[in-house]
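In UniProt numbering, the protein residues as written are 1 to 1104.
Cβ coordinates follow ideal geometry from the N, Cα and C atoms, glycine included.
First up is the structure itself, then whatever we jot down about it.
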Amino acid sequence: MAPLNATDIVVNTEPPQRRMAGAAAVPPPAPGTFTPAERAIGGDIQMPLEKIFARANEATPMYEKLGKVEGIANTLHTSLKNGVDGNTVEARRAFFGKNALPEEPPLTFWEMYKASWEDSMIRLLTVAAIVSLILGLTVPDPGETEVNYKTGWIEGFAIICSVIIVTTVSSVNDYNKEKRFHKLTEENSAQPVRVRRGGKDVTIDVTEIVVGDIVNLSPGLVVPVDGFYVTGMSVVIDESSVTGENDPKKKNANAPIILTGTVVNTAEDAYMLACAVGERSFGGKLLMESRGAGAPRPTPLQERLDELADLIGRIGLGAAMLLFALLSLMEGFRMLQHDSGASCRHFLDYFLLCVAIIVVAVPEGLPLAVTIALAYSQNKMHDDNNQVRRLRACETMGNATQICSDKTGTLTQNLMSVVQGYVGMQHFSVKRPGDLPEPVPLSGMRATSLRQLSEGIAINSSSEKVVSTTDKEGHTVAPYWQWVADKGNKTDNALLDFVDRVAMTEADARDMGSRPHQRIREACRQRGFTIFPFTSDRKRMSAVVRQEDGTLVHHVKGGSDRILPLCDRYVNEAGDEVPMTDEARARIAQQVKKLADMANRTIGVAYAVLGGTELPEDEPTESLVWLSLLGIQDPLRPEVADAVMKCQAAGVTVRMCTGDNIDTAVAISRQCGIFNRSRGDLAMTGQDFRNLVYDAYGDDERMAKFWPVLDHMTVMARSQPLDKQLLVLMLMTRGEVVAVTGDGTNDAPALRLANVGFVMRSGTDIAVKSADIVLLDDNFRSVQRAVVWGRCVNDNIRKFLQLQLTVNYVSVALTFIGSLMAGGHSSPLTTVQLLWVNLIMDTLAALALATEEPSEECLKRQPIHRKAPLVSRRMHMTITLIAVYHLALALVLQAFGYRWFGLERYSREHSTIVFNVFVFGALFQMFNCRKLYDEVDFFEGFERSKLFVVVICFCVLFQIIAVQTFGDFMDVCRLRFSEWTVSIMLTFATIPLGMVSRLIPVEEAHFEREFDAENIDEDARQFLVKLAKDVERTADERAGRSGEALSKAKRARVLSLWYRAYAEHVGTLRVVNAFRRAHFDRDMTSELSRNVYRQMVELTSPKP
């Protein structure tokens, strides 16, 4: 039996136990307990088959052990020629399961609404509101003898309204989001497929396929089950959605495994044996695993908000208890002194004051600010082509420290394109590869050579392009050209796109009638031609075309290694045919190697002029003339390199995981800036990484050597479907916040496990259902924009929190100290005044501060560690300085302000001045709160905060109206102009004081990265348990190789450090010396010198 590997830690060979409500999970029978009826349909082979598909292409020994497809068919009691007996279909479906997955019941609005009340801050607010309502309607205010029913209900009712608004808005937002997602992933349930049963071909729905069926494979079919190749010609399967490899795979007796979710490119009279269906199939298990069973994991922001809510509750309760103790002590002394004003009734008044302090301390505006910030960012992210499925992903991306990206379809376009090559021995490169309406200029090349090349490619292809007027969802759109799915392959598509762009004119860019290659084909068809199709033996395709003068030209296209030996001449730079010398052959071989080293698939194009005028029936054998070498590659998306660079500048490590070989993976990752040897980056295969994890896990000394390797491993090649999940798991155990991007079935486990999962809109259904965010434009730049929006959400919430805490600190302290100063008989601010400050202004401030649009300047700072407090030390400095100033100002005005304005102490006008100063101090603090870090200019970026200006103007206007007209209701009176002027002048000092606070040096807390299995979420903890068990279970098998993988990784790490040292020291010294020579030779203005200078700057710049 083949040794176990890391993929087994999560892909269970047992059927998933999770079911819909009401459907019991039936565990598989234990070995040896199969009934005769179950053995009659092959029930005893189920588990070994599932193990084969779980290991994908590493399970050939186990497949052979079962007797290959013939032995498996015999055990399943099915005929490879006639299929299953129709009488056994129901029994097979009952035992092996239906070829469908249980649907996840959608969450109802009521369930979402109930879940929104589980937030600890919402619960704290609800308790505060209930207490406030009860006391406000049953107990008189301090110093009063009767309950004031007109105002006693206001504060509690207002808090309840705030809570209901928050929970309703968030629930409606979540519900609409889920509806959009279900619409996005709606599937067409009726998908017919042909199977052979009882010797007859019948058409059934894919959900009716059973284990043992002989399933017909037709071009374009998305394989609905796991199985093995039985028979067929030219069976080519696109496995990029499962393995990540872009090259289609041929299926035959030597490569028989066919997995769910792969796509049939070509197949003729082909059939497969269905061996695993529904939940037991490879794709079914991935989807069931990706659904998860635990509750939604808390985000970094939620964790810190919960901690803050607990802290505020404790502070408020502590302050209230202290105040009650002090006032009670003072009242006790007065009672002992037989003071006529002392009364037991005062103890109740003190209790009510303490309740008021607790209510004031609660930041009732914070949940609303969080809701507004998330809802606003979600809608704006949709405009940036990020459809958010799970709202928590918005703010989690702000803390992202790692992005593990798939290559195919994510970093690249998943469309093969000609990127460079040689025509007539002259090199060319395509600056913007792909199917674009832009010509490819091949200046300096002979028109005759280009004509021969275009004709040779256009005629040697079976791909077809048609005009389509509908998109993937079936909506009518503007006409566009589209490749026919079941015609040709990606290589032919790439070559024909190249021909179109070489021959493109300005009119062709808008022509919906024909493409250049179609016109070339039509011209050849009119003159006459014959085609000799591609075969796996010849590895080439050729055609003989009659020219206008009647001569025959034999065009040949194929793998460069197969075409070059057939040539005895070549076309040189002048466009002439010259003999193929050993030197020329070596030169072409060097060109082939150069393109291959750059991760290109190399295609050779040749031709020969034939004698005679009749089209031959057999392929000509005359020697050929070497014309062109073309390098084909799945090109990077144009925006990827810039997006990767911005992420790295923001302190986010980008890693690439792919199924390609390591040379191709390194070449692609270099192009997009992910892999840079001079940074000390490492690349390794998925198997090497699995072995490394198994070698080190559980041993502290080895893990200490493992972490540096993990930190610098930016490329994982030849990765199995679950290797990326293992990588994500190890990163999360170090406290990293991990985002994963992908588009294929193979990405689903990692998408589910990661803190944030991104999936391309064009991704497979399994991947889309596992992700948190869908990239509607399949654009990696949208991931970078999601990082920007995530940081913006976190910043906006913290901006509001900075204001909220300043106001609350001052409110609590002012109530506390003012009550002590007044002996507990009154508070500086009335209940309605506190309501205006703590609720109305909080709500408006949430709109102002939580809706500021992002700037990419936020990518110039490092991510905030998930363990870092929500309120940074810099924020504490600003909050403390401003709060102390506001508190001192209010207390001084309360104690001495009546003298300055010639008023009676504690009169309504005196209290109104204190209240006015308090409100304007909060308004000016809003300007300070727009910045969180070391920025001094608080007025920068107002163009991104248009709502801020509106809110400030409204608050000022409302305050003026309230003071001048709401006399009795708010317990205020009209103020004179001089009193308004003093209030504004005293509080305006808040802005320069905030600027000063940013100049005070502050060192933020630093958090080391270390293994922390306790603080990861439940899903990751379960995978860690599985990993530990698997490491223990395979310990004996690995005993002889213990430490081998770690030693290999350490050698690679030492080599990478050498390259880094070489680049930073030896390489830099060479550049400096070259620069000095250029200066000595008076050659400072040449292009060579400028290149040397740019290289020196690059090498000597600090590495991110």
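Quiz item: Are residue 661 and residue 369 touching if we call contact CB-CB under 9 angstroms?
Solution: no
Quiz item: Considering only the beta carbon of each residue, do residue 193 and residue 276 sit closer than 9 angstroms?
Solution: no
Practice problem: Note the first and the last residue of the continuous beta strand (DSSP E) segment covering residue 719. | Solution: That residue, residue 719, is in no beta strand (DSSP E); it is neither H nor E in DSSP.
Practice problem: Report yes if the CB atom of residue 723 is closer than 9 angstroms to the CB atom of residue 657, and no otherwise. | Solution: yes
Exercise. Just list the alpha helix (DSSP H) runs in the segment 406–487, keeping only unbroken ones of 4 residues or longer that don't cross its boundaries, in chain order.
Key: 447–459
Quiz item: Considering only the beta carbon of each residue, do residue 626 and residue 588 sit closer than 9 angstroms?
Solution: yes
Quiz item: Between residue 924 and residue 987, which are expected to be in contact by the criterion C-beta below 8 angstroms, what is the C-beta distance as a whole number of angstroms?
Solution: 5 angstroms
Exercise. Assign residue 900 to buried or exposed, taking buried as 16 or more other Cβ atoms, counted over all protein chains shown, within 10 Å of its Cβ.
Key: exposed
Exercise. Report the partner residues of residue 256 according to the DSSP bridge assignment.
Key: Residue 256 is not bridged to any residue.
Quiz item: What three-state label does DSSP hand residue 996 in the structure shown?
Solution: helix
Quiz item: Of the choices 881, 994, 640, 422, whose alpha-carbon is the least far from that of residue 443?
Solution: 422
Self-check item: Cβ shell of residue 792 (< 6 angstroms), same chain only, five flanking positions each side left out
Solution: 854
Quiz item: For residue 873 versus residue 1005, is the C-beta distance shorter than 9 angstroms?
Solution: yes
Practice problem: State the start and end residues of the unbroken alpha helix (DSSP H) segment that holds residue 937. | Solution: Looking at the DSSP string, residue 937 is not in any alpha helix (DSSP H), and its letter there is neither H nor E.
Quiz item: Near residue 810, what residues of its chain come up, given a Cβ to Cβ distance below 6 angstroms and the 5 sequence neighbours on each side ignored?
Solution: 883, 886, 887
Self-check item: Close Cβ partners of residue 390 (< 6 angstroms) along its chain, the five nearest in sequence each way excluded
Solution: 772
Exercise. Specify whether the segment 399–412 and the segment 775–785 touch according to this definition: at least 3 beta carbon pairs, one from each stretch, less than 8 angstroms apart.
Key: yes
Quiz prompt | For residue 350, the three-state DSSP class (helix, strand or coil) | solution = helix
Quiz item: If you pair each beta-carbon of the segment 927–944 with each one of the segment 968–978, do three or more pairs fall below 8 angstroms?
Solution: no
Practice problem: Return helix, strand or coil for residue 866, following the three-state DSSP convention. | Solution: coil
Quiz item: Between residue 195 and the ligand MN, is the CB less than 8 angstroms from at least one heavy atom?
Solution: The model depicted lacks the ligand MN and carries no ligand whatsoever.
Quiz item: Which one of 707, 716, 604, 868 has the shortest CA to CA distance from residue 685?
Solution: 716
Practice problem: Report the option in 68, 202, 39 whose CA atom is closest to the CA atom of residue 86. | Solution: 202
Quiz item: Terminal residues of the continuous alpha helix (DSSP H) containing residue 90?
Solution: 89–96
Exercise. Buried or exposed for residue 81, please, with buried defined as at least 16 other CB atoms from any protein chain shown within 10 angstroms of its CB.
Key: exposed
Quiz item: What did DSSP end up calling residue 231 once you bin it into helix, strand or coil?
Solution: strand
Self-check item: Continuous beta strand (DSSP E) assignments of at least 3 residues falling wholly in the segment 554–614
Solution: 567–571, 577–579, 601–610
Quiz item: Cα separation between residue 871 and residue 917?
Solution: 26 angstroms
Practice problem: Taking only the alpha-carbon atoms, compute the straight-line gap between residue 1017 and residue 388 and give it to the nearest angstrom. | Solution: 21 angstroms
Quiz item: Helix, strand or coil: how does DSSP classify residue 512 here?
Solution: coil
Self-check item: Close-in-space but distant-in-sequence residues of the same chain around residue 435 (CB under 6 angstroms, 5 per side omitted)
Solution: 497
Quiz item: Under the rule that 16 or more other beta-carbon atoms within 10 Å means buried, what is residue 23, buried or exposed?
Solution: For residue 23, the predicted structure reports a pLDDT of 34, less than 50, and the residue's modelled location is therefore unreliable. The matter cannot be settled from this model.
Practice problem: Would you list, in sequence order, the uninterrupted beta strand (DSSP E) runs of no fewer than 3 residues that lie entirely inside the segment 518–549? | Solution: 529–532, 540–546
Exercise. Rounded to whole angstroms, what's the CA-CA distance from residue 29 to residue 737? Just pull it up for me.
Key: Here residue 29 scores only 46 on pLDDT, less than 50, and its place in the model is too uncertain to base an answer on.
Quiz item: Is residue 626 helix, strand or coil when you go by DSSP?
Solution: strand
Practice problem: Give a yes or no on contact between the segment 463–472 and the segment 602–613, applying the rule of three or more CB pairs nearer than 8 angstroms. | Solution: no
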